[in-house]
Structure formats: structure tokens, C-alpha cells
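A short write-up of the structure that comes next.
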């Protein structure tokens, strides 16, 4: 908690400002309260009142700041996961296409169903996060390209080899995934200080 608090610039200065202002208000209240003569009970009331108000304000301000920081951190993690998904999906498809090209046509090609299942589950989980429309569109496009590419590979692995139009389709799917990956990587670089 303290590390999150210190990482945000200006938060320590604001905290000191709030603490100082509460102290000064307590002092002013004490002086005003003791104008008719020094009364320890009146002074204690003023100090307690301003201390309580200060603590309430401090807590409310701190909770809002921590929630904002956590929300921003979760959003950045989700956006990073979209980039990771694009990378993993692109390499999954590229690896399977390269395998089909390199192996003899009579070799039956299989791909890792567990890896495909994990990619689809991760995409489903990311789509359920509170994201902006273009982020959700990227995840939907990734899923669509991945499923279409795997369907094409699965249909043609019985035939043994892909024809030119199929290879162009697969290259198009990979280019779409590469664009999403490039966009995500550029977004990450822009966000870093």
C-alpha cells in the first residue's frame, strides 16, 4: 500500500498539505476557542473535532486515489494481456503453417489442442473485462482469425497440403494478428514513462 502511494507523483506533497491544513485549523480553533480565557475542555473539543474531520477527509481522499490507481493498473494489465494474446495466437498459427509447409504432404499434422484451448479461454476471459470498444474488437478479431486459421489447417491436413488461396488466407490471418500485436506494442511503449 505504501509503495503504491509513493509511486504516484505529488501524493506525498498532497498528504503533507492536508495534514498541515488540519493542524492549522486545529490551532486556529484552539485560539478562537480560548479567546474568552483558557479552557482546557474547549481546546480539547476543537482539537478532537478538527482531527476527526481531517481523518475522515484523509481517508476519503486516500481511498479514491487508491481505487483510481488500482483501476488504471487493471486496465494496463488487460491491455498487456491483449498484446500477449496476439503474440501467442500469431506464433501458434505461424508454427502450424510452417509445419505444414515443411513436412511431406503425406504426413498427418496435429496441433496442440491444449494450447488452442488455453488461447481461446484467455480470449474469453479478456473479453469479459471492462475494456473500450476497440480493445474488445481486437480480441474478437484475434479469436476469429485464430479459429478460421485452425479450421483451415484442420480441413486441409487430411488433404496433405494447402493450395495457394489457402496460404493467402492464412497469411492474411497472420497479418491481421501482427497488426494487432504491433498496435499493442506501440501502445505499451507510449504509456511507459
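In this note's numbering, the protein residues as written are 1433 to 1625. For every residue, glycine included, the Cβ atom is placed at its ideal position computed from N, Cα and C. Model, not experiment: these values are computed from the prediction.
- At the C-beta level, residue 1577 and residue 1514 stay beyond 8 Å of one another.
- A straight line joining the alpha-carbon of residue 1493 with that of residue 1564 spans about 27 Å.
- Taking the CA atoms as reference points, residue 1528 sits about 7 Å from residue 1543.
- The beta carbon of residue 1460 is closer than 8 Å to none in its chain, skipping five residues each way along the sequence.
- Secondary structure at residue 1544: coil, using DSSP grouped into helix, strand and coil.
- Runs of the alpha helix (DSSP H) lying entirely within the segment 1480 to 1541, each at least 4 residues long, are absent.
- The beta carbon of residue 1446 is closer than 7 Å to none in its chain, skipping five residues each way along the sequence.
- In this structure the segment 1606 to 1614 does not touch the segment 1551 to 1562; the number of beta carbon pairs closer than 8 Å is below three.
- DSSP places residue 1599 in the helix class (H, G or I) of the three-state scheme.
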